[in-house]
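Beneath this line is the structure, given in structure tokens, with notes to follow.
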Amino acid sequence: MARTAVITGVTGQDGSYLAELLLGKGYTVHGLMRRSSSFNTERIDHIYEDPHTPDRRLVLHHADLSDGVALVNLLRDVRPDEVYNLGAQSHVRVSFDAPLYTGDVTGLGALRLLEAVRASGVETRLYQASSSEMFGSTPPPQNETTPFHPRSPYGCAKVMAYWATVNYREAYGMHAVNGILFNHESPRRGETFVTRKITRAVARIQAGLQEHLYLGNLDAVRDWGYAPEYVEAMWRMLQRDEPDDYVVATGVAATVRDFLDAAFGTVGLDWERYVRHDPKYERPTEVDALIGDASKAERLLDWSPKVHYDELARIMVEADIRQLEAELSGRHVRVDR
Ligand code: NAP
Ligand code: GDD
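Under our numbering, the residues of the sequence shown are numbered 757 to 1093, in order.
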């Protein structure tokens, strides 16, 4: 029987890769997107199907994680086998400027979705996009038993959503899992996250269109993986008979400086000539080091990462150069082609 999935945040980086993955597996995918005054579907335009297409397998719905009743109605109509909650205000720095909004969408939004599953009476499996940001100041390596100490409103909201997911599993027997994913990037990464900000700048500096790149803390350590590999882990979590929580990471540590080396090195430039400091990009409380131990996912999901930060930097720089060249020549180009 063909299966049906709902994805919140389908227009985001992970939502777009997950939709592709599930369509490739024969699922019908219902994607929830926010209403926007301008188009916000660039990452999924290549898989978009016109509403008049018979038997289409990608169906988009306007919905917002702040609207619990709409979530109930949607689940009741669609009756999905699997729900992936990827929607969030996902930017850590922005969460300090918009803490209540972040708490509402990223934290309470997950709770609204859990309640919507209950209220709609639909038997479904649910994936919650939890985050390594929950570990905050707890030193690495971090795994499923590491205590949380969030350092941002975003991290606090994700901790709330994590525990709500565990609670609904324990209280109502819901098949709900947390994927605790470490940073994962791609050519579809939002332009204001540090990796994409760097790789776009490399393309523009090389083309003579930009002189400097302003950044904040270059000493932060992250464990950067490749988003298409990480959405595969999400799917594998929901295929297990027993719901559980899993860390997904590469285990490889790199500083922002290391990523700068790799990205500028792809085109033979020395980043120290171009990068300037702007305290505006620092956070009131920083997460110094995230390095994941994904041995549980490797053992139980048979999942392991192949792309590490240096190859990731090369993939992203090359994609940004192609995209810039296409823009300059007036051609439209997909974000990752
Ligand atoms: P992203 O690119 O920022 O995508 C977030 C998605 O959520 C977008 O589709 C966005 O819509 C949607 N959204 C925002 N506010 C919403 C609202 N009020 N109602 C419904 N949808 C809303 O994030 P991502 O990198 O794909 O990450 C996916 C999920 O994993 C997020 O929950 C994130 O917090 C979590 N996570 C990410 C990472 C990572 O390194 N990427 C690591 C751990 C956890 P628009 O397109 O309209 O903005
Ligand atoms: N965004 C940004 N911009 N970050 C900068 C900059 C800058 O100009 N300069 C330095 N950084 C540092 C940040 O201080 C942080 O330590 C690191 O680069 C990574 O920042 P982001 O790329 O914004 O990612 P993040 O680690 O804060 O959060 C991402 O990963 C989480 C998982 O650990 C997001 O994707 C979250 O949604 C996700 O949960």
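All residues carry an ideal CB built from backbone N, CA and C; glycine is no exception.
Distance, Cα to Cα, residue 981 vs residue 887? The straight-line gap from Cα to Cα measures roughly 13 Å.
Bridge-paired residues (DSSP) for residue 815: Partner(s): 786.
Report the rounded CA-to-CA distance for residue 935 versus residue 990, giving the unit in angstroms. In a straight line, the C-alpha of residue 935 is about 7 Å away from that of residue 990.
CA-CA distance, residue 1032 and residue 955? Each residue's Cα considered, the two are about 15 Å apart.
To which residues does DSSP link residue 884 through a beta bridge? Residue 884 pairs with 841, 934.
According to the Cβ coordinates, are residue 952 and residue 967 closer than 8 Å? Not in contact: residue 952 and residue 967 (Cβ atoms no closer than 8 Å).
Could you spell out where the beta strand (DSSP E) holding residue 1056 opens and where it closes? Counting along the chain, no beta strand (DSSP E) covers residue 1056; the unbroken alpha helix (DSSP H) around it starts and ends at 1051-1056.
Does any heavy atom of the ligand GDD sit closer than 7 Å to the C-beta of residue 1037? Short note on residue 1037: C-beta closer than 7 Å to some heavy atom of the ligand GDD.
Once DSSP output is grouped into helix, strand and coil, what is the label at residue 970? Three-state result, residue 970: strand.
Based on the DSSP secondary-structure assignment, which residues constitute the bridge partners of residue 769? According to DSSP, residue 769 bridges with nothing at all.
In the structure shown, what three-state DSSP assignment does residue 1066 receive? Of the three classes helix, strand and coil, the one that applies to residue 1066 here is helix, per DSSP.
According to DSSP, simplified to helix, strand and coil, what is residue 850? Residue state, collapsed to three classes: helix.
From residue 845 to residue 861, what does the alpha carbon distance come to, in whole angstroms? Taking the straight line from one Cα to the other gives about 7 Å.
Can you look up residue 978 in the DSSP assignment and give me helix, strand or coil? In the structure shown, residue 978 sits in a strand (DSSP, three-state: E or B).
Rounded separation between residue 793 and residue 820 - CA only: Cα to Cα, the separation comes out at about 14 Å.
How is the beta strand (DSSP E) around residue 761 delimited, first residue to last? Bounds of the beta strand (DSSP E) holding residue 761 are 760-764.
Taking residue 867 as the reference, give the member of 890, 774, 825 with the closest Cα. That would be 825, whose Cα lies nearest to the Cα of residue 867.
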